[in-house]
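The numbering of the sequence shown is the working numbering, which starts it at 2 and goes up by one.
Each residue gets a CB set at the ideal place from its N, CA and C atoms; glycine is no exception.
If you're wondering where the values come from, they're calculated on a predicted model, not measured in any experiment.
Working notes, beginning with the structure itself.
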Amino acid sequence: MALPSLAALRPCALETPAKRARKPKLPCPGDLRYKEGEVLFTDRNRRLQGRSCRFETLEAAGAEGWLLPSYRSVSAQELDVYAQRFDVPESLTTVTNELYTTRASTAPPDAREGKAYRSSHAERHRPQYYLHTVKQASTVVHISDPFQWEGCRLEQGAFVCTRGILWCNTNPNWEWKTESAEDQVIRCRIDLPRDTQVVIDRAPVYGGAECQFDETRVSVFPDVLLLPGKFEITSVKRYTEKDFDQDALNSTPDRSAILTDRAYAAHIVSYGLVFVDVCLAATEMMALPPR
């Protein structure tokens, strides 16, 4: 099929950078946000990356002996023993090694107008990861697939645990590689109680989605990494194409507002996928010593 000529488009159909900048954005989270002036590392090829671990049942974890009796604050030595003994995913070691790196900080880059953060492409101004203790109850979004839940009961009231890192984001409309998913997408909205320790990534994947920091400046939604922990599944809802009419499946989501559950589900299902919406509550989580 021939593509339309750009010359045939009316001038108003072309979107200028100024028009894009004026589009309303979701507000940055109150607690889980980058602080003013934070330096973000934007080199996609050199940023440290990792794969999220699987969810596992408490019974399987107990049988294998790796479930911690208490997710209290662990020392660096205890963490090393834990990682070596219990087949912990390599990404946990990658994250903790960077957390405690002794690499010296570099001079921060210049601030940019309209941005509450600074960008560094050449090198990491500071370690890519840092620890943060949640000061108020918060929710993060993790996108998974059936493999990540293999062997678990994906139903309300079930408990699961992790022995590695879960990569999450604070954007309530967050999605991840939906177009390349094979058959099913599982969105996990994870509630974190106050005083939960998390890891913040200064190099959000794809540069992060912008959020409104204050009246005149934007920032980006941070990637939040969850350490090993226990979770209770508080709700599960499944959606297929049969749950929507064609208007809902063909509509374009308005990302300037938080999408309703059905609007988000219709968007995912429009790719021909089954969508499972899961809510979890973190009940315990590992805490690491200060840097």
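Within a 10 Å sphere around the beta-carbon of Tyr207 sit fewer than 16 other beta-carbons, which makes this residue exposed.
Around the beta carbon of Tyr130, a 10 Å sphere encloses 16 or more other beta carbons of the protein chains shown; the residue is thus reported as buried. Annotated three-state conformation of Arg34 is coil, per DSSP. Every beta strand (DSSP E) stretch that sits fully inside the segment 99 to 128 and reaches 3 residues is listed by chain position as 119 to 121.
Close CB contacts of Ala159 within its chain, under the 6 angstroms cut and outside five residues either way in sequence, are with Ile234 (chain order).
For Ser74, the beta-bridge partners assigned by DSSP are Ala288.
Residues of the same chain with a CB within less than 6 angstroms of the CB of Pro173, apart from the 5 flanking positions on each side, are Ile259 in chain order. Its Cα nearest to that of Pro128, the residue Ile201 stands out among Thr140, Ile201, Gly38, Pro28. Rounded to whole angstroms, Leu289 and His133 show a C-alpha spacing of 10 angstroms. Checking the DSSP bridge columns, you'll see Pro28 partnered with Gln213. Under the three-state reduction of DSSP output, Tyr265 falls in the helix class.
Taking the Cα positions, Phe87 is about 32 angstroms away from Gln137.
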